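In UniProt numbering, the protein residues as written are 1 to 102.
For every residue, glycine included, the Cβ atom is placed at its ideal position computed from N, Cα and C.
Note that this is a predicted model, so its numbers are computed, not measured.
The structure appears below as structure tokens.
This is the structure we're talking about:
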């Protein structure tokens, strides 16, 4: 995924986001819509106030899915279909993925 950067000298992989970002305070909800559609949590797409760490965990789940399967969990021909898949949390795990991994 484009959000992973490998720092060869340090032997470290870091999760990054070079797009729009936001500051948050623990216990306070955010309203700003930021990030790429494919990684967006439902509450961001709905415009609901959201807990920043929780939506970051959602995005990490999307990245993990991509690392395991080689494809995005919510990727359709157009953005409106992708949004509907995210809102419905509708995705298919390829049959070759073990139940332990699922």
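Handout entry: Any 3 or more C-beta pairs closer than 8 angstroms across the stretch 19 to 34 and the stretch 57 to 71
Key = Fewer than three pairs of CB atoms, one per stretch, sit closer than 8 angstroms, so the stretch 19 to 34 makes no contact with the stretch 57 to 71.
Exercise for the section: Count the other C-beta atoms from every protein chain shown that fall within 10 angstroms of the C-beta of residue 77, then say buried if there are 16 or more, exposed otherwise. Expected result: Start at 1 with the first residue of the chain shown, and residue 77 comes out as number 77. Exposed: under 16 other Cβ atoms inside 10 Å.
Practice task
Return the first residue and the last residue of the alpha helix (DSSP H) that residue 55 is part of.
Solution key: Taking the first residue of the chain shown as position 1, residue 55 is located at position 55. Per DSSP, the continuous alpha helix (DSSP H) segment holding residue 55 begins and ends at 52 to 69.
Problem - Cβ shell of residue 51 (< 7 angstroms), same chain only, five flanking positions each side left out - result: Walking along the chain shown from the start, residue 51 turns up at place 51. Same-chain partners within the cutoff: 29.
Practice task
Have a look at the DSSP bridge pairing and note the partners of residue 7.
Solution key: Along the chain shown, read from residue 1 onward, the residue named residue 7 stands at position 7. According to DSSP, residue 7 bridges with 12.
Exercise for the section: Take residue 54 as the anchor and find which of 27, 68, 13, 79 has the nearest alpha-carbon. Expected result: Taking the first residue of the chain shown as 1, we reach residue 54 at position 54. Answer by Cα proximity: 27.
Practice task
Could you tell me which residues DSSP puts in a beta bridge with residue 30?
Solution key: Walking along the chain shown from the start, residue 30 turns up at place 30. As computed with DSSP, residue 30 is found in a beta bridge with 50.
Handout entry: Same chain, Cβ closer than 6 angstroms to residue 24, neighbours up to 5 away in sequence not counted
Key = Within the chain shown, numbered from 1, the residue matching residue 24 stands at position 24. Contacts found: 30, 52.
Practice task
Return yes when the Cβ of residue 75 is within less than 9 angstroms of the Cβ of residue 41, no when it is not.
Solution key: If you number the chain shown from 1, residue 41 lands on position 41. If you number the chain shown from 1, residue 75 lands on position 75. Contact flag unset, no.
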